[in-house]
Amino acid sequence: MFVSADHNEVVAAFCRANEIPVRRRHDVWGDLLEPFLDTEFGPQHQAATLRRLGQIGLDAGDVLQIREKVGPIMRAYNAVHWDWCHLGLADLLDAATATWIPEELRKGLGELAHLCSWGVDIANRADRQQTWHAGMPSGPRLW
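Residues in the sequence shown are numbered consecutively from 0, following numbering that gives the first Met the number 0.
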């Protein structure tokens with residue numbers, strides 16, 4: 000579920016009232032989409048990003064493959080938005096459904112339902128990070 004930060008307090012109150020636990024986790028897609036921001040990061044920052052992704056089972060090859068898949072559409076998306084702070088899964092899904100982005104770029108991502116499932120599976124790796132480091136440095140392939 001994606002909720003605007005404007006509604007944080009309403010959602011928090013709802014969760015408290017209904018005894019729904021709130022979990023915070025690593026923003027996997029924030030790291031994966033970092034190269035498409037309107038910002039330049041130095042080698043130390045890039046290495047730290049790759050280390051964080053490695054801790055959840057995405058090695059450098061996995062990261063490259065994911066970024067190659069989403070790169071064309073995210074470059075087109077951020078050429079309009081000029082976001083320099085954060086891009087995440089919500090932005091990827093927004094880009095995939097944006098009619099102003101050329102269809103050939105959107106088609107490269109496949110069916111929207113599959114993209115959503117794939118994106119959430121990757122995001123959920125942050126919840127499963129203890130599982131991936133036990134003899135499975137890359138975890139199962141998701142693409």
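All C-beta atoms, glycine included, are put in the ideal place defined by N, C-alpha and C.
Because the structure is a prediction, the values reported are computed rather than measured.
Give me the residue from the options with the minimum Cα distance to residue i.
i: TRP117; options: THR38, VAL10, LEU91 and GLN45; result: LEU91
i: ILE65; options: ILE19, ASN17, THR38 and LEU31; result: LEU31
i: THR98; options: PHE13, ALA47, TYR76 and GLY56; result: TYR76
i: VAL95; options: HIS113, TRP83, ASP37 and GLY41; result: Rather than Val, the amino acid found at residue 95 in this sequence is Ala. ALA95 has its Cα closest to that of HIS113, out of HIS113, TRP83, ASP37 and GLY41.
i: CYS84; options: GLY29, GLU18 and ARG22; result: GLY29
i: ARG24; options: ILE72, GLN54 and LYS106; result: GLN54
i: ILE72; options: ILE121, GLU103, VAL2 and CYS115; result: GLU103
Using the beta-carbon count (16 or more within 10 Å), is residue i buried or exposed?
i: ARG15; result: exposed
i: LEU52; result: buried
i: PHE35; result: buried
i: LEU88; result: buried
i: ASP61; result: buried
i: ILE19; result: exposed
i: GLY56; result: buried
i: ARG105; result: buried
Using three-state DSSP, classify residue i as helix, strand or coil.
i: ASP26; result: coil
i: ARG15; result: helix
i: GLN38; result: Before going on, a small fix: residue 38 reads as Thr here, not Gln. In this structure, THR38 counts as coil in the three-state DSSP scheme.
i: VAL10; result: helix
i: LEU49; result: helix
Open item on the list: Give the list of continuous alpha helix (DSSP H) stretches no shorter than 4 residues that lie fully inside the segment 55-133.
Closed with: With a minimum length of 4 residues, the continuous alpha helix (DSSP H) runs that stay inside the segment 55-133 are 59-80, 88-96, 102-106, 111-122 and 128-131.
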